[in-house]
Structures are given as structure tokens and as C-alpha cells.
Amino acid sequence: MSAFNAFKANVPVAWSPNLYVTLVRGIPGTRRLHRRTLEALRLTKCNRTVMRWNTPTLRGMLQQVKRLVVIETEEMYNARKQKQVNHQAWRPPLVMDHNPNQTPLTVTNPST
554 MSAFNAFKAN VPVAWSPNLY VTLVRGIPGT RRLHRRTLEA LRLTKCNRTV
604 MRWNTPTLRG MLQQVKRLVV IETEEMYNAR KQKQVNHQAW RPPLVMDHNP
654 NQTPLTVTNP ST
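Using this note's numbering, the letters of the sequence shown map in sequence onto residues 554 to 665.
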């Protein structure tokens with residue numbers, strides 16, 4: 554599965570005052586200009602997310618490193634986080650009964 558598909562949310566894209574930027578590709582082997590742009594965005598490690606205001610300056614920076622990052626609006630980010638929480642939610646354990654015909658053992662109390 555590609556990194557983009559892993560971070561894609563099922564929410565229609567709408568304008569948002571904040572953008573969530575996630576670094577999904579590694580920094581080694583990239584151009585110095587791209588490394589400096591990522592450093593200015595404070596993205597130093599893969600799968601780290603930062604929130605930035607949606608300004609023309611930021612959009613210009615993201616245009617330079619668009620192959621290395623995934624950009625999400627606030628709704629998309631919240632939907633992805635909720636999906637992760639639902640996926641990691643506690644589930645009751647499965648009980649396997651390998652011998653369904655056997656009657657359960659009864660425990661007698663020896664003190665009575």
C-alpha cells in the first residue's frame with residue numbers, strides 16, 4: 554500500500570484555516586533545498602505530523618516538497634485519527650470451544 558493511500562481519509566476536501574502536514578518519505582537522498590524546507594516545517598522524521606496555518610508561504614513550501622509529504626485539512630486529519638482509534642479499540646477475546654459435545658466439569662466444595 555502506498556503512503557498516500559495509508560493517509561487518505563474519506564472526507565470531502567474543504568478549505569481549512571489549518572493544514573496538517575505529514576512526512577511520508579525519507580529525507581536521505583533528497584536535494585538540499587528540500588531538506589532545508591522540511592527543516593523549516595519542523596519535519597525531521599518520517600510519519601511525523603505538524604499543524605501549520607494555511608498561508609500562501611506555507612503552500613509554496615509544500616509545493617516544493619509535495620512528493621515527500623501528505624497534506625490534510627482539519628476534517629481529514631480528525632477522520633483519520635478517529636479511524637485509527639476505532640481500529641485499535643478493545644475487542645472482547647474469542648473463546649474457542651474445541652469439544653462442543655463435552656459437558657462442563659462441575660466443581661464441588663469439599664468443606665460442605
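Don't be surprised by glycine CBs; every beta carbon is placed ideally from N, CA and C. None of the values given here were measured: they were computed from a predicted structure.
The C-alpha of L586 lies about 38 Å from the C-alpha of H640. K598 has its alpha-carbon roughly 17 Å from the corresponding atom of M614.
Membership of L586 in the alpha helix (DSSP H) is indicated by the continuous run R585 to A593. Separation of V622 and V638 (C-alpha to C-alpha, rounded to the nearest whole angstrom) is 23 Å.
A direct Cα-Cα distance of roughly 12 Å separates R601 from I624.
Rounded to the nearest whole angstrom, the CA to CA distance from D650 to A642 is 25 Å. Taking the Cα positions, T575 is about 13 Å away from K634. Sixteen is the threshold: when 16 or more other Cβ atoms of the shown chains lie within 10 Å of the Cβ of M629, as they do, the residue is buried. V618 is classed as buried because its beta carbon has at least 16 other beta carbons within 10 Å across all chains shown.
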